[in-house]
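**Q** Once you know that position 23 of the sequence shown is 212 in my numbering, the rest is easy, because the numbers rise by one and skip nothing. We put the beta carbon where it would ideally sit given N, CA and C, even for glycine. Small disclaimer: the values here were computed from a predicted structure and weren't measured.
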Amino acid sequence: MINLPNLITLARLLASPLAVYLILNEAWVASFWIFVAAGLSDALDGFLAKRFDARTLVGGYLDPLADKALLVGVFVVLGYLHHLPNWLVILVVFRDLLIVGGAILMHTLTGSLRMRPLMISKINTGAQFVLPAYVLAQLGLGANREGIVVALIYIVAATTVLSGAAYLVSWSRRTADIESAG
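1) Taking the alpha-carbon of S220 as reference, which of L229, W276 and L207 has the nearest alpha-carbon?
2) Residues in the same chain with beta-carbon distance under 7 Å from N313, minus the five sequence neighbours each way, listed in chain order, please.
3) Since I342 and L277 should fall inside the 8 Å C-beta cutoff, what is the C-beta to C-beta distance between them, to a whole number of angstroms?
4) Compare the Cα-Cα distances from A355 to each of I367, W217, I288 and L233 and report the closest residue.
5) In the DSSP assignment, find the unbroken alpha helix (DSSP H) run with E335 in it and report its ends.
6) Cutting at 6 Å between CB atoms, please list the residues of its own chain near S205, excluding the five before and the five after it.
7) Rounding to the nearest angstrom, what Cα-Cα distance links L302 and L330 in this structure?
8) Excluding the 5 residues preceding and the 5 following I197 in the sequence, name in chain order all residues of the same chain whose CB lies nearer than 8 Å to its CB.
9) Pop quiz: V265 and V247 are said to be a contact at Cβ under 8 Å. What is the actual Cβ separation, rounded to whole angstroms?
10) Using CA atoms only, rank isn't needed, just tell me which of L273, L286 and E215 is closest to V339.
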């Protein structure tokens, strides 16, 4: 249960309130580096878990929880500070609530829960890491390409909608299979 990938994931989860605190206090450079380190840790823990066959049930639940805590926290605070549009923050938070609610519903219906992210969801998570990182870089390190931010906003919006829709379709099919078998 306790292995290096899970410890890295736990560190990402614990970095979430620190990142939010730093952003709220406009410590842009520090928040940029904490957020980037947390984002890179997401790739690192997944790589290590697969490479060394260190996947665990705890890690399967902890990894998406750590991602959601970090991303929702950072999106909400960047929206609050008017560095991201409110409509995008609402979309990101709603999709995550939809996924959590759907997971609870599927567990209730089936008695089990398989945590396997869809490919569009992985793309969405990547885009959701890139956008805040770029915004924080713009604020703290002077990167100033407004066109890039606008493009990233629409990429995040599109992948968020597609990911949410893909989960709904997947759950609808699974529910139909359960009903037809029962």
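**A** Answer, in terms of the structure:
1) Taking the sequence shown and counting its residues from 1, the one referred to as residue 220 is at position 31. Nearest of L229, W276 and L207 to S220, Cα basis: L207.
2) Working through the sequence shown from its first residue, we reach residue 313 at position 124. Result list for N313: T348, T349 and S352, in chain order.
3) Position 153 of the sequence shown, counting from 1, holds the residue named residue 342. Position 88 of the sequence shown, counting from 1, holds the residue named residue 277. The Cβ separation is near 6 Å, so the contact holds.
4) In the sequence shown, residue 355 corresponds to position 166, counting from 1. Considering only alpha carbons, the answer is I288.
5) Reading the sequence shown from its first residue, position 146 is the one you call residue 335. That run of the alpha helix (DSSP H) goes E335 to A370.
6) Here residue 205 corresponds to residue number 16 of the sequence shown, with the count starting at 1. Once the five neighbours on either side are set aside, the close Cβ partners of S205 are A258, L259 and G262.
7) Taking the sequence shown and counting its residues from 1, one reaches residue 302 at position 113. Taking the sequence shown and counting its residues from 1, one reaches residue 330 at position 141. Looking at the two C-alpha atoms, the distance is approximately 42 Å.
8) Mapped onto the sequence shown, residue 197 falls at position 8. Residues of the same chain with a CB within less than 8 Å of the CB of I197, apart from the 5 flanking positions on each side, are S230, L233, D234 and L237 in chain order.
9) Residue mapping note: residue 265 aligns to position 76 of the sequence shown, counting from 1. Residue mapping note: residue 247 aligns to position 58 of the sequence shown, counting from 1. Not a contact, Cβ separation roughly 26 Å.
10) What you label residue 339 is simply residue 150 of the sequence shown in a count that begins at 1. Of L273, L286 and E215, the residue nearest in Cα terms is L273.
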